[in-house]
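Going down the list, the sequences are from chains V and U.
Quick note: the first sequence uses the UniProt record's numbering, first residue 1, plus one each step.
Quick note: the second sequence uses the UniProt record's numbering, first residue 1, plus one each step.
Quick reminder that beta carbons are idealized off the backbone N, C-alpha and C, glycines included.
Note that the structure is predicted; figures quoted are calculated from it, not measured.
Have a look at the structure below before the remarks.
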Amino acid sequence: MPPLLLLPSHCPAATHQPPTSARRRASLAALPCPRAGASPAPEALLPRGLRAESLPRHVAVVMDGNARWARARGLPSSVGHEAGRRALEEMARLSGAWGIRALTAFAFSNENWSRPKVEVDFLMGLFEQVIHDSVADFLREGIRLRVIGDLSRLPVSLQKISREAEEATRNNSLLDLTLAISYSGRREIVQACRKLAEKVQSKALRAEDIDEELFADELATGRASGGSPYPDLLIRTSGELRLSNFLLWQSAYSELFFTDTLWPDFGEADYLDALSSFQSRDRRFGERKF
Amino acid sequence: MSQPSVIINLTLGLLWFIVHLAINIFSLWSRLIYNIESYLISIGLFPKYRKFQLERLKYLAIVVDSREAKNVAKIEQLLCWLSTIGVKYVCLYDIDGVLNKTFEPTMNGSRDVDSGNSHDVGANIKALICCRSEMTVEYISGSDGKEGIAKAANLLCSTYFNGDRDARGNDEIVFTEADMSGALKAIGCGGPEPDLLLVYGPARCHLGFPAWRLRYTEIMHMGPLNSMKYGAIVKAFYNFSKKYQNFGK
């Protein structure tokens, strides 16, 4: 699984959750979660306090803090990214076990290309290795992989392995795992506009017929996340309080959960905290179409 | 039922009660601390909250749940507080346009076309003289969000196909972010990207605030509008002033 997010910064924020270990681990009694792909009813696997009917169907996560995590331990950032990869694997496993249908992870932003070439090349190599090594796990665990973003900027080998992994897992249905690599929310919007223009050009559509629904259908996530492209819950780690150009259109009604926990440390207790926070909110959006 | 099982059930029931009591006490205590802290900040007891710099906060946005946006007194009080703190530009948003309908025609202030033009917004902007200092207030709603982007796409397509088709031939259609920004400005849905967005309402989400303007905006949830506190706003601004952004680089 790709590690990533290269959006390091620091400073705590006004409204966020502090690291959960001290607050939650003492009080939670999580049931053991078997590997995703097993057939028991999700309710039997849910930790106490979570209600299956109120769980988010789609969770998005900005995986921030790998480099800071490594720096805090006097380790190279590559170790942080490896640890981040394990955190994503665990989150995917838990999502599948608890009946969450879709997980979208922000792996590498368009802005990250400005990083030092050495670092970028390292990450591209890591993504390729991780996707290649994870296909067997995806097939066993019923995970469908999608990769979204400006893939034309990725190394050819990574584009190839991504396409092959998508094709190999396209019939899986337990969990839709979407990795946003070289992704920009604004670029996604512009690309949707271009696709609509192509339809207008081919006379499949009139310009004046373009509305929100048609526009949403042309977004990369509209096709990527099987069920709903709109995350119900968007988590960002490491204390930052912004979307950083991630799912700008799709996050209109996403519950935003910001935590100080660095991504490699984001584990089951932190995930439960986020899900509990989601369930406790008064989310009454009536009949609004979004 | 045997006696041991009765004792066990009673013990478990008592434990359940104690745990919930502890959680409720903790929750009440947290709220009390929050209220006391906000009060102490508002009376200027903490030097750090009196002396922070607001230069980085050029554009502030406020998202209000539409049900709470009907509370005219609270909105006016909020604007007054913001003006007192020194905010120069605030964008007020609620998805149903309640703020637009309620405040735009009635708020004292002159329609500032120059200010609107300089910030790439349309008609819903006023230079407001509030609490003895001038503050620009922009009112937007859900129609400026996703609907605005769809209209901008409509405009881009129409403009492209009404242009010089012969020169383009079968060239691949290429739109850029600048094209989209221009189209949004042309339909009156431009506007600056807020540095900070405060959300008032029960849910911690931005409720469809114009996606194009949200790239690097710091988002802070302030709770229900009814329980807004001046000290909480000051604290939010202070925390914002300490933020560092590297924009992904």
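Inset, instruction - Report the partner residues of Thr176 (chain U) according to the DSSP bridge assignment. - result: In DSSP, Thr176 (chain U) forms no bridge with anything.
Inset, instruction - Pick helix, strand or coil for Cys91 (chain U), following the three-state DSSP scheme. - result: strand
Legend entry - Below-7 Å beta-carbon distance, Trp249 (chain V) vs any chain U residue: yes
Legend entry - With 16 other Cβ atoms within 10 Å as the buried cut-off, status of Gln3 (chain U): exposed
Inset, instruction - Below 8 Å CB to CB, which residues in the same chain sit around Leu214 (chain V) once its five sequence neighbours on both sides are set aside? - result: Counting only Cβ-Cβ distances below 8 Å, and skipping sequence neighbours, we find Leu196, Leu205.
Inset, instruction - Taking a Cβ distance cut-off of 7 Å, strictly less, list which residues of the segment 210-238 of chain V are near chain U, in chain order. - result: Ile210, Asp211, Glu212, Phe215
Legend entry - Residue environment, Val130 (chain V), which counts as buried when at least 16 other CB atoms sit within 10 Å: buried
Legend entry - Interface residues of chain V facing Phe103 (chain U) [CB-CB closer than 7 Å]: In chain V, no part has a C-beta under 7 Å from the C-beta of Phe103 (chain U); the shortest such distance is about 22 Å.
Legend entry - chain U contact for Ala269 (chain V) (CB, 7 Å cutoff): Output row for Ala269 (chain V): interface = no.
Inset, instruction - Using the Cα positions of Lys243 (chain U) and Ile85 (chain U), report the straight-line distance between them to the nearest angstrom. - result: Looking at the backbone, the Cα of Lys243 (chain U) and that of Ile85 (chain U) are separated by about 19 Å.
Inset, instruction - Identify each residue in the segment 192-209 of chain V for which the Cβ-Cβ distance to at least one residue of chain U is less than 8 Å, and report them in chain order. - result: Interface annotation for the segment 192-209 of chain V against chain U: Ala192, Cys193, Arg194, Leu196, Ala197, Glu198, Val200, Gln201, Ala207, Glu208, criterion Cβ-Cβ distance under 8 Å.
Legend entry - Where the beta strand (DSSP E) through Arg115 (chain V) begins and ends: Element bounds for Arg115 (chain V): n/a, residue is neither H nor E.
Inset, instruction - Please check if any C-beta of chain U sits within less than 7 Å of the C-beta of Tyr183 (chain V). - result: Not an interface residue.
Inset, instruction - Kindly examine the ligand ADP and report whether one of its heavy atoms sits closer than 6 Å to the Cβ of Thr104 (chain V). - result: No copy of the ligand ADP occurs in the structure displayed, which carries no ligand at all.
Legend entry - Whether residue 293 (chain V) touches Leu156 (chain U) by CB criterion (7 Å): Nothing in the structure corresponds to residue 293 (chain V), since chain V is present only between 1 and 290.
Inset, instruction - Enumerate in chain order the residues of its own chain whose CB-to-CB distance from Leu151 (chain V) is below 8 Å, with the five nearest sequence positions on each side excluded. - result: Counting only Cβ-Cβ distances below 8 Å, and skipping sequence neighbours, we find Gln159, Ser162, Ile181, Ser182.
Inset, instruction - Output yes if chain V places a C-beta closer than 7 Å to the C-beta of Gly231 (chain U); else output no. - result: no
Legend entry - Interface flag, Tyr216 (chain U) vs chain V, CB-CB below 7 Å: yes
Inset, instruction - Go ahead and pull the three-state DSSP assignment for Met63 (chain V). - result: Residue state, collapsed to three classes: coil.
Legend entry - Same chain, Cβ closer than 6 Å to Tyr230 (chain V), five either side skipped, listed in chain order: Gln250
Inset, instruction - Examine chain U for any beta-carbon lying closer than 7 Å to the beta-carbon of Leu256 (chain V), and answer yes or no. - result: yes
Inset, instruction - Pair every Cβ in the segment 8-28 of chain U with every Cβ in the segment 211-223 of chain U, then say whether three or more of these pairs are closer than 8 Å. - result: no
Legend entry - Identity of the residues DSSP links to Val63 (chain U) by a beta bridge: U:Tyr93, U:Val199
Legend entry - Residues of its chain near Phe240 (chain U), where Cβ-Cβ distance is below 8 Å and the 5 sequence neighbours each way are ignored: Hits under 8 Å: Arg56, Leu57, Asp195, Leu196, Glu218, Met220.
Inset, instruction - Note down, in chain order, each residue of its chain lying with its Cβ closer than 6 Å to the Cβ of Phe278 (chain V), except the 5 sequence neighbours on either side. - result: Pro56, Leu233, Glu255
Inset, instruction - Check the Cβ-Cβ distances between Leu262 (chain V) and every residue of chain U, and say whether any is below 7 Å. - result: No, Leu262 (chain V) lies away from the interface with chain U (no Cβ there is under 7 Å from its Cβ).
Legend entry - Cα-Cα separation, Met228 (chain U) to Lys74 (chain U): 8 Å
Legend entry - Beta-carbon proximity of Gly99 (chain V) to Trp263 (chain V), cut-off 7 Å: no
Legend entry - Any beta strand (DSSP E) of 3 or more consecutive residues that is wholly inside the segment 202-275 of chain V: 233-236, 255-258
Legend entry - Whole-Å CB distance - residue 250 (chain U) paired with Gly97 (chain U), under 8 Å assumed: This structure cannot settle anything about residue 250 (chain U), because the visible part of chain U is limited to 1 through 249.
Legend entry - Assigned exposure category for Val72 (chain U) - 16 Cβ within 10 Å defines buried: exposed
Legend entry - Buried versus exposed call for residue 281 (chain U) [16 or more other C-beta atoms within 10 Å across all chains shown]: This structure cannot settle anything about residue 281 (chain U), because the visible part of chain U is limited to 1 through 249.
Legend entry - Min CB distance Arg153 (chain V) to chain U below 7 Å: no
Inset, instruction - Measure the CB-CB distance between Arg146 (chain V) and Thr178 (chain V) and report whether it falls below 7 Å. - result: yes
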